[in-house]
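Right, one structure below, let's go through it.
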Amino acid sequence: RNWPWVQSGCFILHTIAMLMKLHSYSFYNGELSGWSLCLSDLKKEYSNLAGELKKSDNDTEKQDHLNELKEKISQVEGYLASPAKNISYPNNITFMNFVDFLLVPTLVYELEYPRTEKIRPSYVFEKIVATFGTFFLLYVNTEAYIIPALPNITYSLYNSMLQMLFPFMVNYLLIFYIIFECICNVFAELTRFADRNFYDDWWNSTTWEEFARKWNKPVHHFLLRHVYQYSIESYKLSRRDATFMTFFLSSLIHELVMVVVTKKIRMYLFFLQMFQLPLIALSKLPIIKEKKWLGNAFFWFGLFVGPPMLGILYCREVFLS
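Here is the structure:
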């Protein structure tokens, strides 16, 4: 369908989030299933060895092995239970547990999440009002400063960049606020999800590596567990190669969003996001590592140039068509 940008963007982002949730749910429960089978084998071996030990007289070797099995059983049972010991595998495999995971604002499945005592209706109302209010500001900024400048985009990319630099940067910050401060907190409050650490102080970042960790914590946690760590453990990749693979996959997914929204394959976002890798290497230079203010200034320069340039490039493609 020929949906507008907003509807297309919301739909594809929601679809990708659901796919990431489904992957995390099936992957983690599959891992727990393997530990559950291992636990059954350990208990069976423990039972057989305990029976043999009763028939023998003070077999020190068997007693030591029995103690080792007991310790392993305790360790595996710990893997299969939540930290608070309120739920364990396979008791978590229920329809309500699955629906709850789909609603909580996290992309990484766990047996149990910290919860608040009750839902605060006033807080939900506050965030809903903030969502619509911020959308209104987003609309006004786009109508007043971006759309009137689009006809000039075909003549000079440099002049368009200067004209739309701040409007696009404002839109970038407003969209960030809507997603991570409003929408995530509304779902967190409605599901009594207590872990509200959706982002850290990314504005104080001194490197792009730090920014990648801080600005989108739900996606960072997903990539850390299911891409970075999995690549190292399963494919025996080095940390450097696993980092490249993580950025590569993340860049592809981000570009997929723009392909669906603009209905064009241009790879602008893909290449700009992959460009963070040499920027990360550059930020490790001694002069930047020693002077934090210089690293933060370098980061903000890139942030002021990157997202606005992407917006201009994609708007230019659509406007010319």
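When you line the sequence shown up against mature numbering (1 follows the signal peptide of the UniProt record, and there is no 0), it's residues -24 to -1, 1 to 297, in that order.
All residues carry an ideal CB built from backbone N, CA and C; glycine is no exception.
Classified as exposed, M72 has fewer than 16 neighbouring CB atoms from the shown chains inside 10 Å of its CB. Looking at the backbone, the Cα of E7 and that of T82 are separated by about 19 Å. Residue burial annotation: A164 is buried, with at least 16 other C-beta atoms found within 10 angstroms of its C-beta. Inclusion of F144 and E157 in the CB contact set at 9 Å is not warranted, their separation being larger than that value.
Per DSSP, the continuous alpha helix (DSSP H) segment holding D17 begins and ends at W(-20) to K31. A residue is called buried when at least 16 other Cβ atoms come within 10 angstroms of its Cβ; A218 meets this threshold and is buried.
I159 places its beta carbon less than 9 Å from that of T107. Each residue's CA atom was taken as its position, placing T183 and N192 some 15 Å apart. In this structure N147 is in contact with L114, their Cβ atoms being roughly 6 Å apart against a cut-off of 8 Å. Taking 9 Å as the cut-off, the beta carbon of S181 is found closer than this to the beta carbon of G271. Beta-bridge analysis with DSSP links F169 to R91.
Annotated as distal: R292 and S(-1), with beta-carbon spacing of 9 Å or more. Sequence-distant Cβ neighbours of I256 in its own chain, meaning closer than 7 Å and more than five residues away, are T183, W184 and E185. Distance between T222 and F198, taken at the CA atoms: about 10 Å. For S214, the three-state secondary structure derived from DSSP is coil. The alpha-carbon of E28 is positioned some 12 Å away from that of E37. Residue pairing by DSSP places A57 opposite S64 in a beta bridge.
Counting along the chain, A257 sits inside the alpha helix (DSSP H) bounded by residues Q252 to S259.
Cβ-Cβ separation between T167 and D76: approximately 7 Å, consistent with a contact (criterion under 8 Å). Leaving aside the five residues that flank V237 on each side, the residues in its chain whose CB is nearer than 6 Å to its CB run, in chain order, W(-20), S(-17) and G(-16). Here the alpha carbons of A26 and L42 stand approximately 7 Å from one another. V195: member of the alpha helix (DSSP H) spanning K193 to L199, first to last residue. For the options C14, D171 and A125, the alpha carbon positioned closest to that of E86 is the one of D171. CA-to-CA, the gap between F74 and W(-22) works out to about 30 Å.
In the structure shown, the three-state DSSP call for L83 is coil.
Put simply, the backbone Cα of P90 is about 6 Å away from that of F169.
Spanning the alpha carbons of W11 and E93 requires a straight line of approximately 32 Å.
Leaving aside the five residues that flank L45 on each side, the residues in its chain whose CB is nearer than 8 Å to its CB run, in chain order, L18, E21, Y22 and L25. From the listed residues M(-5), I(-13) and F(-14), the smallest Cα separation to V195 is found for M(-5). Rounded to the nearest whole angstrom, the C-alpha separation of Y290 and L15 is 54 Å. Shown here for I49: same chain residues with a beta carbon closer than 7 Å to its own, the five before and five after excluded, namely L15, L18, K19 and Y22 in chain order.
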